[in-house]
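A.B. asks: Below you will find the structure I want to go over with you.
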Amino acid sequence: MEFELRISNDPRAIGLVEAFAREALRHAPLDDPAPLGELIVAAVRQVIDHAYPPGESGHVFIHSRHQDEQFEFRIRDFGLPEDIVELEAALRDGASRSWIGRLPHADAADAMHWTGYGPEGKELVITKSFHDTHITGHAADLRPFEAKPPLAPEQEYTIRRMRPADAVTISQLIYKAYGSSYFNRDVYYPERVAALNADGSIISFVAKGAIDGVVGHYALERNQPGPVAEGGQAVVDPAHRGRQLLDKLKKAAIGHARKIGLSGVYADAVTVHKFTQKANITIGAKICCADLGISPGSETFRGIAAPKSAQRITCLLYFLPLKPREPRTAFLPPVYQSRGAEILSRLGPMPSFGSPLPPSGPGALKLQLVATAATAYLTVTGVGIDTVPAIRKATRDLVGHSHAEAVFVDLPLQDPATPAAVEALRASGFSFAGVAPDFLKDGDVFRMVHLVDDLEIDAMQIEETAARELVDFALADLREAAAD
Numbered sequence: 008m009e010f011e012l013r014i015s016n017d018p019r020a021i022g023l024v025e026a027f028a029r030e031a032l033r034h035a036p037l038d039d040p041a042p043l044g045e046l047i048v049a050a051v052r053q054v055i056d057h058a059y060p061p062g063e064s065g066h067v068f069i070h071s072r073h074q075d076e077q078f079e080f081r082i083r084d085f086g087l088p089e090d091i092v093e094l095e096a097a098l099r100d101g102a103s104r105s106w107i108g109r110l111p112h113a114d115a116a117d118a119m120h121w122t123g124y125g126p127e128g129k130e131l132v133i134t135k136s137f138h139d140t141h142i143t144g145h146a147a148d149l150r151p152f153e154a155k156p157p158l159a160p161e162q163e164y165t166i167r168r169m170r171p172a173d174a175v176t177i178s179q180l181i182y183k184a185y186g187s188s189y190f191n192r193d194v195y196y197p198e199r200v201a202a203l204n205a206d207g208s209i210i211s212f213v214a215k216g217a218i219d220g221v222v223g224h225y226a227l228e229r230n231q232p233g234p235v236a237e238g239g240q241a242v243v244d245p246a247h248r249g250r251q252l253l254d255k256l257k258k259a260a261i262g263h264a265r266k267i268g269l270s271g272v273y274a275d276a277v278t279v280h281k282f283t284q285k286a287n288i289t290i291g292a293k294i295c296c297a298d299l300g301i302s303p304g305s306e307t308f309r310g311i312a313a314p315k316s317a318q319r320i321t322c323l324l325y326f327l328p329l330k331p332r333e334p335r336t337a338f339l340p341p342v343y344q345s346r347g348a349e350i351l352s353r354l355g356p357m358p359s360f361g362s363p364l365p366p367s368g369p370g371a372l373k374l375q376l377v378a379t380a381a382t383a384y385l386t387v388t389g390v391g392i393d394t395v396p397a398i399r400k401a402t403r404d405l406v407g408h409s410h411a412e413a414v415f416v417d418l419p420l421q422d423p424a425t426p427a428a429v430e431a432l433r434a435s436g437f438s439f440a441g442v443a444p445d446f447l448k449d450g451d452v453f454r455m456v457h458l459v460d461d462l463e464i465d466a467m468q469i470e471e472t473a474a475r476e477l478v479d480f481a482l483a484d485l486r487e488a489a490a491d
């Protein structure tokens, strides 16, 4: 659920902000939303008072989103550039030296974060998670799975949608398999698992044994605006492996995805081992993208013999189309057209490449920082004249101030202005990653990546030739872009 309010920097608009915050928070499952509402209103009031020089009129955009059991509130102005380091420090210590350091009820938010856009202003993001009881706070068996446990007794298994009562067991399975290293933190909070399934953001399936209860889990995650879902959060108790439970869970999930009309299901298969790659290849999924360094090397996989990575973990994005794809016109600069056509032709008709146009007007850009993974995602839904400067500025802040080690940019492949943006970003150190099909409501995205550290392919385990060729190309492009 999303709301957006656009106001001028007139103090008289604060009454609208109060009503806006009150209505947005009415849909949030908080016992007492008042402190968070007062924090939001106070932050907007400060932006109204300080974002623009005295006497200058300007706009302030307020955007709220209730998704993934998290409330996110964005306050964007287009006024004076500020020292983002100073603003971030003020948020941490409430320093009176900065106007933003005097906010009431700052502890009502779980996180507050600034992003600077240079001459295009800045944005404050306030987030609040609704459920905060970690799995370690529940009565549950959290001992790590044994690497080679004795097999469980033979028994019948039922594959079905999860029920709220299964949530603790699902979080327990994830914890026992991954420890605390799984980068999607929601899986460790049973109430969030249940609530996300209730609102359709996550669609979980479980394998329930006749003797041992829930022993496996697989989920579809609706985390893209397009008609696709990510398949993941896969875990099977090692005592029940070898019984095709993961295959059965995936089959049920894919059948449900078809039923609700999704165009495809995708998965990020790690290169720490080959198991997930093989599973995706077996069901007919096609390699589309080399997500170089998308996860921290600290992520571990209990019960699977895989050494701890000395470098960030690369994942391979596999996509399984669930319906025929219509012919499409794509827009890419010549340097990437051959590779882009190769990827897209695996999924359907060979694309035609249209004539590019220069960007015009303002662009549209969304930012997501996954601090636990030191990874940031910039999604461009419309390329404008301000798109590349905004991405450059955001990347500097994300790497320099937020300690992001990998920054991904998704650009609309059906936008005639995308080739110009791709060339400009490549000159700024971004490089090829691949294509993510149907990630946007109106088409595919072309993905680029900026990495702080280099990667070596010898540290990766890659199953098929097509994937190795894609990673080779991406790594070569990464080094060429970094050298320019």
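Numbering (the numbering used here), first residue to last: 8 to 491. Here a beta-carbon is modelled for each residue, glycine too, at the ideal position from N, C-alpha and C.
1) Alpha carbon to alpha carbon, how far is S435 from R309? Give it in angstroms, no decimals.
2) R332 to P157, Cα distance in whole Å?
3) DSSP three-state label for I14, please.
4) Could you pull the DSSP bridge partners for I294 from this structure?
5) Taking 8 Å as the threshold, find out whether the region 382 to 394 comes into contact with the region 412 to 432 through three or more Cβ pairs.
6) Would you report the Cα separation of T472 and H57, rounded to the nearest angstrom?
7) Would you report the Cα separation of E153 and P245, rounded to the nearest angstrom?
8) Taking 7 Å as the limit between beta carbons, can you name the residues of its chain near F85, skipping five residues before and five after?
9) Quick check on the DSSP output: the beta strand (DSSP E) that includes R168 runs from which residue to which?
10) Could you say if the region 206 to 214 and the region 163 to 179 meet the contact criterion of at least three C-beta pairs nearer than 8 Å?
11) Whole beta strand (DSSP E) runs in the region 346 to 414 with 3 or more residues, listed along the chain?
12) Can the beta-carbon of G220 be found closer than 9 Å to that of T176?
13) Pull up the CB-CB distance for R335 and G450, whole angstroms please, since I reckon it's below 8 Å.
14) Going by the beta-carbon positions, is the gap between L180 and R319 smaller than 9 Å?
15) Under a Cβ-count criterion, where at least 16 other Cβ atoms within 10 Å of its own Cβ denotes burial, should E9 be classed as buried or exposed?
16) Can you tell me where the beta strand (DSSP E) holding G238 begins and where it ends?
17) If you measure from the beta carbon of L131 to each beta carbon in chain B, is any gap under 9 Å?
18) Specify, as a first and last residue, the run of the alpha helix (DSSP H) that D479 falls within.
19) Could you check what DSSP says for D84 in three-state terms: helix, strand or coil?
20) DSSP on R199, reduced to helix/strand/coil?
21) Please return the same chain residues whose Cβ sits closer than 8 Å to the Cβ of A483, not counting the five positions on each side in sequence.
22) If I follow the unbroken beta strand (DSSP E) through K215, where does it start and stop?
23) So what does DSSP say about Y273, is it helix, strand or coil?
24) Under DSSP, the alpha helix (DSSP H) around I464 begins and ends at which residues?
25) Label R199 either buried or exposed according to how many other C-beta atoms from any shown protein chain fall within 10 Å of its C-beta, with 16 as the threshold for buried.
26) Label L540 either buried or exposed according to how many other C-beta atoms from any shown protein chain fall within 10 Å of its C-beta, with 16 as the threshold for buried.
27) Judging by CA-CA distance, which residue of S438, A474, D445 is the nearest neighbour of D491?
28) Please state whether the Cβ-Cβ distance between G441 and R433 is less than 9 Å.
29) Have a look at G22 and E79 and give me their C-alpha separation to the nearest angstrom.
30) Which two residues bound the contiguous beta strand (DSSP E) that contains A115?
31) Relative to the alpha-carbon of V377, which residue among H410, R248, P358 has its alpha-carbon at the smallest distance?
32) Would you kindly work out how many angstroms separate the C-alpha atoms of A381 and A113, rounded to a whole number?
33) Going along the chain, which residues of its own chain have a beta-carbon closer than 8 Å to the beta-carbon of A317, five neighbours each way excluded?
34) If you reduce the DSSP assignment to three classes, tell me which class G278 lands in.
C.D. replies: If we stick to the structure as given:
1) With a pLDDT of only 47 at R309, under 50, the local geometry of the prediction cannot be trusted, and no value is derived from it.
2) 46 Å
3) strand
4) Y325
5) yes
6) 56 Å
7) 7 Å
8) G65, H66, E127, G128
9) 164 to 168
10) A contact exists between the region 206 to 214 and the region 163 to 179.
11) 371 to 377, 382 to 389
12) Taking a C-beta distance under 9 Å as the contact criterion, G220 and T176 qualify as a contact pair.
13) 7 Å
14) no
15) Under this definition E9 is an exposed residue.
16) 235 to 243
17) No chain B appears in the structure shown, which is made up of a single protein chain.
18) 472 to 490
19) strand
20) helix
21) none
22) That run of the beta strand (DSSP E) goes 209 to 216.
23) strand
24) Careful: I464 lies outside any alpha helix (DSSP H) and carries neither H nor E.
25) buried
26) For residue 540 there is no data in the structure shown, the boundaries of the chain being 8 and 491.
27) S438
28) Result no, Cβ atoms of G441 and R433 do not sit closer than 9 Å.
29) The straight-line gap from Cα to Cα measures roughly 20 Å.
30) Run containing A115: none; DSSP gives neither H nor E here.
31) H410
32) 24 Å
33) Result list for A317: G304, A466, in chain order.
34) Before going further, note that residue 278 is Thr rather than Gly in the sequence given. DSSP places T278 in coil when its eight states are reduced to three.
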